[in-house]
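Notes follow the structure.
Protein chains: 4
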Amino acid sequence: MPDPIETTLQAPLAGCGARSVLADRFLAVRARTRWLCSTLATEDHITQSMPLASPAKWHLAHTTWFFERFVLQAFLPGYAPFDAEFEYLFNSYYDSVGTRIAQAERGTLTRPTLERVHAYREHVEQAISVCLGQIPDSAWSTVAATLELGLQHEQQHQELLVTDILHLFLSHPFGTRYLSDAVPANAPDPGPLRVQRFEEGVVSIGIDAEAASFAYDNESPRHRRFLEPYALATRPSTNQEYLAFVESGGYADPAHWLSLGWSRVQSESWRHPLYWKRDAHTGAWLEFTAWGWIPLDPHRPVCHLSYFEADAFARWSGARLPTEFQWEAAMTTSVIAHPARERALHPTGEPFAAPLGVGEVWEWTRSSYEAYPGYAIPPGALGEYNGKFMCNQYVLRGGSCATPPGHIRPSYRNFFPPEARWQFSGVRLAFEGPDQAPSDSRGSH
Amino acid sequence: MPDPIETTLQAPLAGCGARSVLADRFLAVRARTRWLCSTLATEDHITQSMPLASPAKWHLAHTTWFFERFVLQAFLPGYAPFDAEFEYLFNSYYDSVGTRIAQAERGTLTRPTLERVHAYREHVEQAISVCLGQIPDSAWSTVAATLELGLQHEQQHQELLVTDILHLFLSHPFGTRYLSDAVPANAPDPGPLRVQRFEEGVVSIGIDAEAASFAYDNESPRHRRFLEPYALATRPSTNQEYLAFVESGGYADPAHWLSLGWSRVQSESWRHPLYWKRDAHTGAWLEFTAWGWIPLDPHRPVCHLSYFEADAFARWSGARLPTEFQWEAAMTTSVIAHPARERALHPTGEPFAAPLGVGEVWEWTRSSYEAYPGYAIPPGALGEYNGKFMCNQYVLRGGSCATPPGHIRPSYRNFFPPEARWQFSGVRLAFEGPDQAPSDSRGSH
Amino acid sequence: MPDPIETTLQAPLAGCGARSVLADRFLAVRARTRWLCSTLATEDHITQSMPLASPAKWHLAHTTWFFERFVLQAFLPGYAPFDAEFEYLFNSYYDSVGTRIAQAERGTLTRPTLERVHAYREHVEQAISVCLGQIPDSAWSTVAATLELGLQHEQQHQELLVTDILHLFLSHPFGTRYLSDAVPANAPDPGPLRVQRFEEGVVSIGIDAEAASFAYDNESPRHRRFLEPYALATRPSTNQEYLAFVESGGYADPAHWLSLGWSRVQSESWRHPLYWKRDAHTGAWLEFTAWGWIPLDPHRPVCHLSYFEADAFARWSGARLPTEFQWEAAMTTSVIAHPARERALHPTGEPFAAPLGVGEVWEWTRSSYEAYPGYAIPPGALGEYNGKFMCNQYVLRGGSCATPPGHIRPSYRNFFPPEARWQFSGVRLAFEGPDQAPSDSRGSH
Amino acid sequence: MPDPIETTLQAPLAGCGARSVLADRFLAVRARTRWLCSTLATEDHITQSMPLASPAKWHLAHTTWFFERFVLQAFLPGYAPFDAEFEYLFNSYYDSVGTRIAQAERGTLTRPTLERVHAYREHVEQAISVCLGQIPDSAWSTVAATLELGLQHEQQHQELLVTDILHLFLSHPFGTRYLSDAVPANAPDPGPLRVQRFEEGVVSIGIDAEAASFAYDNESPRHRRFLEPYALATRPSTNQEYLAFVESGGYADPAHWLSLGWSRVQSESWRHPLYWKRDAHTGAWLEFTAWGWIPLDPHRPVCHLSYFEADAFARWSGARLPTEFQWEAAMTTSVIAHPARERALHPTGEPFAAPLGVGEVWEWTRSSYEAYPGYAIPPGALGEYNGKFMCNQYVLRGGSCATPPGHIRPSYRNFFPPEARWQFSGVRLAFEGPDQAPSDSRGSH
């Protein structure tokens, strides 16, 4: 399953200025979505494995509806929707544009068929092409911004599509493989955890929306924060490190857990990460991956953790989770997307080329997802994109092996409820106050 | 969607004596299951619309597993299962043969693909053919009886397959059509309800298992019941008659309902049968059918009723539901399966050729599903077929437009929980004691 | 806690003819209700331990409301309700007389206080006395019948009051004692189970409502049933016999259980009867009683069984539960209420004076609670007393140690859902067909 | 219901230095808890109206257990627990000291009786008196700190006791009055909303644990935050202002609500605050208070709001909720507890004597409850007091009419889940960024 569009995708976003550049980018992003489904059977596109996940077919259609609703209907004179029923079926959560199917019922949609959804995709792609050719210069920047938002949106759904498929395949009694190629060899030992220390001071957080090539509204406004001294681990924690927590009885001692986390441990009988199990015969630890159930690789980053698990592990480790501001301040100058990431649907565990490299697993922060000072929800339907979710969710920073190119940047804010366990979510330990670790090196803002 | 095997299926069961007859019947039944799926898209085979319903793919595989497990593994030396995982995936409820997937999770099985399930069907069909050729005469009657049970079982699943698909298609926000041909014309007016009266006396109920060509264990032993005088309507109640109940406020007055039924009316906001709705624009009543949503035909039998609704309607009508014994005693000499039934996936409403004809809709009785006197659960896994379900279910008698040939007989006992609303279940009024209707004619046992 | 009114209560009902007799009986029944609460703290009257149970205070008030609503408001000119709010608070399930508090919320009523409820009781008792003195002879029979229904109703609630209190006291982490006197000695060994055989034939079931001194509507009409030959155990099964089922793994093998019962065993982790546990230190079996947790007496009747448990035990025993018709036909001539019953709040296990004596524990039958042939729900609010509950409940026959005098008769039909475990409900084994036990003696109808 | 201990309570905490001062304070706090129950019937002490609320009897016992467990058992040689079972019954959530009854089952405890709980209180109070006399000087500071924590703990439960009782009384179908005295007159009109503006800058947040007379662990460490410019309303919003939101359709438009809040509005049919309703006859708005249902006073602060409602109202108002840091920085120099607060169990609506007075209603902030930089959970059981609840809860600042003396301070952090509606929780509007209100005056940190 080689990724044919890799080069294109790595091109800079370039301000979305030139029409042909944006048109090329549009086609490349759309092609990548199709490519992610290329190993799936028709049957795999239909089923919803839990209310928070969506069927692959729904991702294919919903991302297309976004372009139809917000670009074609707004900017292409005379455009008629491909199918009037799709407005209801493939709207995700935009209450202001009409009624929609309940999220938990997306799996009841056996129709339209997958074939018809692909026809819908082609129809909309052709119409976008027409639209890009007809837009007068005066409207260009508005259209380009909306189109770019649609592309970013589709890329976000690419990652969800991968994680939703993996959750579906995990739910099968025997596990289903996403990839049929050979399981990769184990990763090299990264050595003991090291930390980097940061001094106190006022830092700038977030992005200046006017100056950025692209950013979501929740990354703005750029504003100031004061940080007390802290230290961060230079890499995420590994399976081996997490296994020590599991095998020392970490899931049996309430002292490690938040109260809500401990309730969850008990009510759902959590004993280890959701994507782990022990081989019924040998007792060896296995991990569920794109290649099905494989032996747990001790040196890869632990992933598919909930916030509750990440937090408990950090407390057990004598550390804590970083705030999203500590994280962003540290990463400003040192983010390196992992070079092998493009082809991976699982963390590689290979060493980073930078002191604090990210991009293998999303990193839970202890920060609740909240509006930045001065943030105002944008007007119109697209204002529903982010702001209304700012409650009972926790911010993850960085990006994962499943994150599309261009979506890993210091200011990017991902978020999930604290019990969510199906993302490529891991943990980077932080230290502050009385648990401050001895520093190995020094960073500055 | 003509039924190519109709003639074969109408042949008498003939004691299962001759091998070639049974082999032909085996192929005919198997072909009919495929035929029932012939208008479905692959996507339609996967989804489970509620815990009590199963995906079409699951029906296709489970009926096949039944032959593999109880015929091939028992009687074909050296037979190896097609796929060892199928034992777990496609066992329905036979606890004594091993663990199995939870019923409510059958919709998570995107694999095996539909194509592979069809290969499984072909594999088993060929092995059955081999098996029928190899069985020694000494073992023939045992094998034939098990094979016949498998065929009866598959036919039962044919009806469930139809009703499960219709429920799935109903669940689609806009309804999905099962059949693409023209919606049939309205049925003729059957005229006012007439009744037939029956005298008191001891009657024989059930079937002598030794003498019958085929019957389920729950139809035996044949035994005696005393019946007080009663009367039965000569036909099921119609949509028009039920509509009068709906429009007179029947769903708003607790006086008509059993206490559990009234709870359900309130907690699930029942206002009319599940497969009815009013057109949002015209206010006209519509009914969901194999042709999607169509105008409610006043003269067809009302169907898709729960026991609660059938009971409330009967009480509102100044009548009651019959007991299953009243029903069976009345039907002994007068059952005529409706001639047009083979091609129908909806009640036709055409007049019966017999005074008390049945076969358009299943008829709720007020009898709880209970063992007959002297009934003992058969030994072995097949003993799980019926007996363990004898609790909180109510018996339906007769048969519906979706019932396969050979499954309509006076002693046949169908059963569902009182809240079930997705079968072709209707109501035939009974009268006894103080509410006895004036009789139009007289029957005798 | 001697019962001061025993003698009065054992007097025959006597047709309710004489006013003074009925007035005396009224006061005696009312006094017995108070007496049942005499060992309770105020606090014990308030709490609802599960939705199906009611607080003692609610029983005290509801039984009073019944007299106020159906006697005083109907027959005492100028009577004004004691408190207008009580109509809403203490109506149980009479939808036709107005809205009412949800059953599951009866425990939220801290007000009226217990003291005020007792004042309500006295107020109504005095008004009934006035009413009985004023009723003209022409209305007497109607008033007397309604008053008698109120008394029967209050007696039914006396039994519920006892079982609801015991369930509440069981729910306390350490158990609460209802009685403070000495725990009685163990019962004598009743010896091996013996059976009595009954021949086939037509029997009369139920009561002629016109002729009876008192019976509920659900015991009528008297009608005929044909019974095939059967046999009944001469006594209920004991703790020792049930313990053999428990210790042989009865709760771990689905083969013994109805499908719904097995689901309940798994979802609620049933391992033994609800009122049993093993001592944490000695491992000895304990039973929860009016005296708190005491050692399990091997020879007393097993009680507090659900229908599911009674049915599974019967199947494991090679027997079955009787139908309610087998039970009633057998008991017609031989019921002897246990002589020591008056003072007992637990089965005594003492030998019966009659061949088939009853009255220690309610006996589950396998009959679903269903209307008799010709039964019609009575008009008016009192028609809600029985008929609307005829769904998904199973009939118990006989009576228990907690059943008030006069409520044990062959035609009496008690009923509960199959999962109910808090009544004094046990099991009498039946035999028929292939599992017929060798008979010890012969009975006839 | 005059408060006899008012004067004592208003005395400064005085460092807990002198034994006699602490002993007096101990008795005063204990007496106030009894006083809060003085108008309750025994029955009112027993019932749990929802899982998050506790019965009054449980509050009385649990606060006593705290002293027994953490003071007497630790520091009074030879002290034996009053009742060994109380360890299980009255432990709230300290997992590290043993098993305990589930929070939702506190209402099943009819025993010990209220009388026995009061005996328990007296027993422990006498033992504390003995303990205070025996402690050697060397241990005094430790004992005094633990005792003081117990007093702060009991005071927190005093407020919960009040709000839990009010919720119970609200749950009664007709409402129950807590106070029997006359309903107070309406409050004066506070005039239009005015704001105070604050400049940007680094502020100090939290308390230096070493220097403070008393503070909870969650108020430390003192640390620095950078605040962008903002403004705060000088008073909480009123019923009249909130009513405008209700009557303009605020509960019907998803645009105002967080996504989780909107789900709650729909699933629980929220149409107005939980403690409001319209009079069934006149249509006038009523509010549930300690005096039962009374006409809504337009000028008192709106209270009993959830975070979801406070947030939606703020958004509808063109404002937002403050962060807890904005709130604390503003309040540092200007907190005035409302002078009439002592006797009030409902906000008075009387004018504040200070520019930004607080203390009538708790004020929701938009800050998730999170550890301060450098915070570490204290060792031992008391470490469970705060830290493990730091997830999916939101901080409230200030204090309410039900908050005991000494619990209103700028650094105090109260917290509840965003759906909680039964506290005296209101809203103070904040402005920042593009929605900055014109300032009326200027504040500084």
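Residue numbers (the working numbering), protein chains in the order written: chain A, 198 to 642; chain B, 198 to 642; chain C, 198 to 642; chain D, 198 to 642. All C-beta atoms, glycine included, are put in the ideal place defined by N, C-alpha and C.
Backbone CA spacing between residue i and residue j [nearest angstrom]
i	j	result
W619 of chain C	V359 of chain C	10 Å
S622 of chain A	C500 of chain A	5 Å
T236 of chain C	Q245 of chain C	18 Å
A409 of chain D	G603 of chain D	13 Å
S713 of chain D	S564 of chain D	Residue 713 of chain D is absent from the model: chain D starts at 198 and stops at 642.
A537 of chain A	D241 of chain B	Low per-residue confidence applies at A537 of chain A: pLDDT is 47, beneath 50, and the placement is therefore not dependable, though the value from the model is reported in the following sentence. Distance between the alpha carbons of A537 of chain A and D241 of chain B: 39 Å.
E646 of chain C	T260 of chain C	This structure does not reach residue 646 of chain C, given that chain C is present from 198 up to 642, and the question cannot be answered.
A627 of chain A	D450 of chain D	42 Å
H315 of chain B	P309 of chain B	10 Å
H369 of chain D	G304 of chain C	10 Å
S466 of chain D	P248 of chain D	20 Å
D476 of chain A	L306 of chain B	22 Å
P426 of chain D	E629 of chain D	7 Å
Sub-8 Å separation of residue i and residue j beta-carbons
i	j	result
A277 of chain B	L429 of chain B	no
Y572 of chain C	S417 of chain C	yes
P389 of chain D	H496 of chain D	no
P433 of chain C	E547 of chain C	no
D414 of chain A	Y582 of chain A	yes
Partner residues on chain B for residue i, Cβ-Cβ distance less than 9 Å
i	result
R475 of chain A	In chain order: nothing, as chain B lies at least about 18 Å away.
Cross-chain neighbours of residue i in chain D, by beta carbon under 8 Å
i	result
V399 of chain A	V399, F423
Amino acids of chain C, ordered along the chain, whose beta-carbon sits closer than 8 Å to that of residue i
i	result
G595 of chain D	Those do not exist, as G595 of chain D stays about 31 Å from chain C at its closest Cβ, beyond 8 Å.
Residues that DSSP places opposite residue i in a beta bridge
i	result
R422 of chain C	C:V400
I574 of chain B	Looking at the DSSP assignment, I574 of chain B forms no beta bridge with any residue, so it has no partner.
A482 of chain B	Reading off the sequence, residue 482 of chain B comes out as Trp, not Ala. For W482 of chain B, which the question treats as bridged, DSSP gives the partners B:R475.
S622 of chain D	D:W559
F613 of chain B	B:Y591
G489 of chain D	D:T486
Chain C contact residues for residue i, given Cβ-Cβ distances below 9 Å
i	result
P519 of chain B	None at all; the shortest Cβ gap to chain C is about 11 Å.
Partners in chain A for residue i, counting only beta-carbon separations shorter than 8 Å
i	result
L365 of chain B	T305, T307
Interface partners of residue i on chain A, CB under 7 Å
i	result
M587 of chain D	L455
Should the stretch 335 to 350 of chain A be regarded as contacting the stretch 254 to 273 of chain A, the criterion being three or more beta carbon pairs within less than 8 Å? yes
Quick one: any contact between the stretch 517 to 527 of chain C and the stretch 441 to 456 of chain C, if contact means 3 or more CB pairs under 8 Å? no
Can you find at least 3 beta carbon pairs, one from the stretch 417 to 426 of chain A and one from the stretch 396 to 407 of chain A, that sit closer than 8 Å? yes
With a threshold of 8 Å, are at least 3 pairs of Cβ atoms found where one atom belongs to the stretch 280 to 296 of chain A and the other to the stretch 214 to 221 of chain B? no
Would you call the stretch 474 to 488 of chain B and the stretch 371 to 378 of chain B touching, i.e. three or more CB-CB distances under 8 Å? yes
Under 8 Å: do the stretch 585 to 603 of chain A and the stretch 611 to 618 of chain A share three or more Cβ pairs, one atom per stretch? yes
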